[in-house]
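Asks: The sequence shown begins at 91 in the working numbering and counts up by one.
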Amino acid sequence: MFGRITDYKVNNQIVEIKFEKRSGQVEIINESIVNIFAALETQEHRSKAIENFQKKQVSYHVEREEDCIVITTSKVTVKVYDEFKVDFYDKDGKVLCKDYRGRRQRGIVLTEEDAELMAGEGHEVEDAPEDYSIQILKELEGDEAFYALGDKTGFLNKRNYVYEMWNTDNPAPQVDSFKALYKSIPFFITLKKDSVYGIFFDNTYRSYFDMGKESSKYYYFGCDNGNLDYYFIAGDKMTDIVTGYTYLTGTVPVPQLWTLGHHQSRWGYKSEKEVRQIAKKFRDNDIPCDTIHLDIDYMDEFKVFTWNKERYEDPKKMIGDLKKDGFKIVTIIDPGVKLQEGYHIYDEGVEKGCFATTPEGEIYVNAVWPGDSVYPDFGKPEVRSWWANNQRYLLDMGVRGVWNDMNEPASFRGELPQDVVFYDEELRATHSKMHNVYGHLMSKATYEGLKENDKKRPFVITRACYSGSQKYSTAWTGDNHSIWAHLQMAIPQLCNLGLSGMSYVGTDVGGFGSDTTPELLARWVQVGCFSPLFRNHSCMGTIRQEPWQFGEEIMNIYRKYVQLRYELLPYFYDLFFKGETTGLPVMRPLILHYEKDQNLRDRNDEFLLGENILVAPVVNQGDTQKLIYLPEGLWIDYWTKEEKKGGSYYVKEAPLDVCPIYIKAGSIIPNYPKQSYVGDKEIDTLILDIYLGEGKYKHYQDDGESFDYKDGKYNEYLFTINSEGIFTAELPNKGYEKEYKGFVLKYNNTEKYVEFNGDKLTVKLV
Ligand code: GLC
91 MFGRITDYKV
101 NNQIVEIKFE
111 KRSGQVEIIN
121 ESIVNIFAAL
131 ETQEHRSKAI
141 ENFQKKQVSY
151 HVEREEDCIV
161 ITTSKVTVKV
171 YDEFKVDFYD
181 KDGKVLCKDY
191 RGRRQRGIVL
201 TEEDAELMAG
211 EGHEVEDAPE
221 DYSIQILKEL
231 EGDEAFYALG
241 DKTGFLNKRN
251 YVYEMWNTDN
261 PAPQVDSFKA
271 LYKSIPFFIT
281 LKKDSVYGIF
291 FDNTYRSYFD
301 MGKESSKYYY
311 FGCDNGNLDY
321 YFIAGDKMTD
331 IVTGYTYLTG
341 TVPVPQLWTL
351 GHHQSRWGYK
361 SEKEVRQIAK
371 KFRDNDIPCD
381 TIHLDIDYMD
391 EFKVFTWNKE
401 RYEDPKKMIG
411 DLKKDGFKIV
421 TIIDPGVKLQ
431 EGYHIYDEGV
441 EKGCFATTPE
451 GEIYVNAVWP
461 GDSVYPDFGK
471 PEVRSWWANN
481 QRYLLDMGVR
491 GVWNDMNEPA
501 SFRGELPQDV
511 VFYDEELRAT
521 HSKMHNVYGH
531 LMSKATYEGL
541 KENDKKRPFV
551 ITRACYSGSQ
561 KYSTAWTGDN
571 HSIWAHLQMA
581 IPQLCNLGLS
591 GMSYVGTDVG
601 GFGSDTTPEL
611 LARWVQVGCF
621 SPLFRNHSCM
631 GTIRQEPWQF
641 GEEIMNIYRK
651 YVQLRYELLP
661 YFYDLFFKGE
671 TTGLPVMRPL
681 ILHYEKDQNL
691 RDRNDEFLLG
701 ENILVAPVVN
711 QGDTQKLIYL
721 PEGLWIDYWT
731 KEEKKGGSYY
741 VKEAPLDVCP
751 IYIKAGSIIP
761 NYPKQSYVGD
771 KEIDTLILDI
781 YLGEGKYKHY
791 QDDGESFDYK
801 DGKYNEYLFT
811 INSEGIFTAE
821 LPNKGYEKEY
831 KGFVLKYNNT
841 EKYVEFNGDK
851 LTVKLV
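1. The ligand GLC heavy atoms versus the CB of residue 598: any closer than 8 Å?
2. Mind checking whether residue 382 and residue 638 have CB atoms under 9 Å apart?
3. CB-CB under 6 Å to residue 447, same chain, minus the five flanking residues each way: which ones, in chain order?
4. Under 9 Å between the Cβ atoms of residue 492 and residue 420?
5. Check for me: the alpha helix (DSSP H) holding residue 583 runs from which residue to which?
6. For residue 358, which option in 401, 805, 727 has the closest C-alpha, if you only look at C-alpha atoms?
7. Where does residue 560 sit, in a helix, a strand or coil, going by DSSP?
8. Mind checking who residue 844 pairs with in its DSSP beta bridge?
9. Could you give the DSSP three-state label for residue 533: helix, strand or coil?
10. Spatial neighbours of residue 702 within its chain, please: C-beta separation below 7 Å, excluding the five flanking residues on both sides.
11. Hey, could you find the ends of the beta strand (DSSP E) residue 644 is sitting in?
12. Is residue 461 near the ligand GLC, going by C-beta to nearest heavy atom under 8 Å?
13. Strictly by DSSP, which residues pair up with residue 225?
14. From what residue to what residue does the alpha helix (DSSP H) around residue 329 run?
15. What would DSSP say about residue 435, mapped onto helix, strand or coil?
16. Counting C-beta neighbours from all protein chains within 10 Å, is the total for residue 520 16 or more, i.e. buried, or is it exposed?
17. Using only the alpha-carbon positions, how far apart do residue 501 and residue 789 sit?
18. Quick check: what's the CA-CA separation for residue 180 versus residue 728?
19. Can residue 805 and residue 821 be called in contact, C-beta distance under 9 Å?
20. Can you tell which of 795, 530, 707, 784 has the C-alpha that lies nearest to the C-alpha of residue 339?
21. Since residue 143 and residue 112 are thought to touch, with beta carbons under 8 Å apart, how far apart are those beta carbons, to the nearest angstrom?
22. Starting from residue 368 and walking both ways along the alpha helix (DSSP H), at which residues does that stretch end?
23. Where does the unbroken alpha helix (DSSP H) through residue 483 begin, and where does it stop?
24. I want to check one thing, is the minimum distance from the CB of residue 817 to the heavy atoms of the ligand GLC below 8 Å?
25. In three-state terms, what does DSSP make of residue 776?
26. Residues in the same chain with beta-carbon distance under 7 Å from residue 413, minus the five sequence neighbours each way, listed in chain order, please.
27. Please say whether residue 557 and residue 606 have beta carbons closer to each other than 9 Å?
28. Which residues bound the alpha helix (DSSP H) around residue 213?
29. Residue 288 to residue 123, Cα distance in whole Å?
30. Since residue 115 sits in a beta bridge, which residues does DSSP pair it with?
31. Whole-angstrom Cβ separation of residue 456 and residue 257, contact assumed at under 8 Å?
32. Return the CA-CA distance between residue 774 and residue 764, expressed in angstroms with no decimal places.
33. Can you tell me whether DSSP reads residue 683 as helix, strand or coil?
34. Can you tell me where the beta strand (DSSP E) holding residue 760 begins and where it ends?
35. Mind checking residue 240: buried by the 16 CB within 10 Å criterion, or exposed?
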């Protein structure tokens, strides 16, 4: 495809290489990240993921060797050979990743007869894939594990599986063999015994990833369109790779504090009366809750930006009344616009040319909830602004967040043809190019509309994503089912999303489709309360699963874990604060921090919150004990305060009301007092749950909703504990007027209140 290297030149960190047949380039993004690019479709990068990006000026060296061009930074060496084969080495010259020089060995190809036979019973008939026009084969050394890749089904380690990036709405129970779900995040991390790297294949067309199924000699990613455009991310440790990827595609901005509370949803709460009753039940039963979500039922004939006034007599008043009781309302908005003359959104959209068209220029029609529907073309900047402005309707009603669904985009009358015209900014493009970024661009429009009109940090939830969506939106994992397999899957799925930059994510707690059981709900809340986005949601026609639906025992368990979430809110908030800079997720697989520990490569049923809290939920029906693995170090059982040495397995008693939790020795965990909702109490004292040992912890305090923190209007506290049991508190950044007056120090079954005046405070605990 490329031929032999004939020449090269260097300009502003770009090494342009001339091959016999075409050119390619290697661009140095920073010391650890390089981009490999060949203009097969457009001359320039047209990234949807990487925006407003300034590459860092670094020193580097380029040299022509006999058979290759060698490009070296302080962290990585890239060697480019004929045919644009590329090898990567670390700073010590150790191989990180090499292009595979052989050809692909296609796997199983069925005879026509066998294919027919199988199809007879309804089996999916699939041949081993052919070559793709862009196809990058990388050598496998044998010990590689693969992580990230967005919201794929199955377990944490993606080794030996194949996936596709094609945003897919399929509400059937999603199992390990599914190749694609709602989100396309073409980024993965390769972990080897003694090294790690990441690759981000920035191509929005349908793309394919084979992580070692076809061959034990190579893995590959490929695509039939677009540019050859991928980033190689080197790093000393796995966290560097996540930080590198989010350096490119952006980090999750700090959310409004209330969004970290507990959310309740169901398809559908069909009337104002029902919504008010649900809210009252939370308060009557003393179960903290901040947010109620309104699914499609609140709209008039499922028309976006309308309200059904028969079901909701006075939505503004309802939202206002609920607000007095601490509730916020989030409403769903789908992209499909009902085709109906006289409906203002449809009329306006037609007039302004907002909808996707057939190649011949007719508005393209498919169907979603409202029946015949048309699709806003979010690839056009003017459509995004139009959509952004429409958010005003919701904000004027008092709505506090917007839930974007069906934005793969979903379509009830078969998939949109590949040639439906969608724009890529000013360029006429196709559905095949814009499909995977449709949800991304919709969330961006929603984010911008909320930001502009509300001035607060926007709260957007989306189902479909592309790389970089984390800058605009939180996400949930779509239509899971109330089955144990999906509770189990929730952990690796959320962890891999976190490694893929999408840190603010959650699953439908209790499960969406199918009927939950009391036990499953009790176990699910024990995962849900630690998920960054904590929302109970279920499908119409399924058994109800609000916390009180199964009687006192289950409700008490539910309450216990929701309360724990509210106590831990400052810890979650701190993780988001730190994550905006580092890109590190809130919910993490253990392997992220203990990558040398072989026991953790496939650890699917435990996770970390930050670095300090390890959660090991029970995810099997009937289990009342759990086999736990603790990584190196000293860990303390959250419930019994027993000390456990890491590097070992333990059996923990875990009756239905116990979710095993361990805290790392030397942790200082900030807690809020019990509240029914965020802001229920004025918090002028911070509780610090101290686990003796050596450690330090940074805590952030600000108004919890505006963008003021960007101008330094926040307080940063630094707490330390040393091996002699001496605790200190300092305030290295004072930017927010409401400082804590003191701290309640909790340690070794003791509680001690200490005043704080902003000066360094030292307390001898033991
Ligand atoms: C889709 C969503 C689900 C929602 C339903 C109705 O299935 O994934 O969350 O409740 O549509 O809007």
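Cβ atoms here follow ideal geometry from the backbone N, Cα and C, with glycine treated the same way.
Replies: Looking at the atomic coordinates:
1. yes
2. no
3. 453, 454, 511
4. yes
5. 574-589
6. 401
7. helix
8. 833
9. Judged by DSSP in its simplified three-state form, residue 533 adopts helix.
10. If we look at residue 702 and ignore the five residues flanking it on each side, its Cβ neighbours are 753, 754, 757, 759.
11. Looking at the DSSP string, residue 644 is not in any beta strand (DSSP E); the run it does join, the alpha helix (DSSP H), is 642-657.
12. no
13. 312
14. 328-339
15. helix
16. buried
17. 45 Å
18. 40 Å
19. yes
20. 530
21. No, residue 143 and residue 112 are not in contact; Cβ-Cβ is about 25 Å, not under 8 Å.
22. First-last of the alpha helix (DSSP H) with residue 368: 362-374.
23. 471-487
24. Result no, Cβ not under 8 Å from the ligand GLC.
25. strand
26. Answer for residue 413: 488, listed in chain order.
27. no
28. Neither: residue 213 is in no alpha helix (DSSP H) and is coded neither H nor E.
29. Using only the alpha carbons, I get a separation of about 9 Å.
30. 106, 127
31. No, residue 456 and residue 257 are not in contact; Cβ-Cβ is about 15 Å, not under 8 Å.
32. 14 Å
33. coil
34. 758-761
35. Its Cβ being crowded by 16 or more others within 10 Å, residue 240 is buried.
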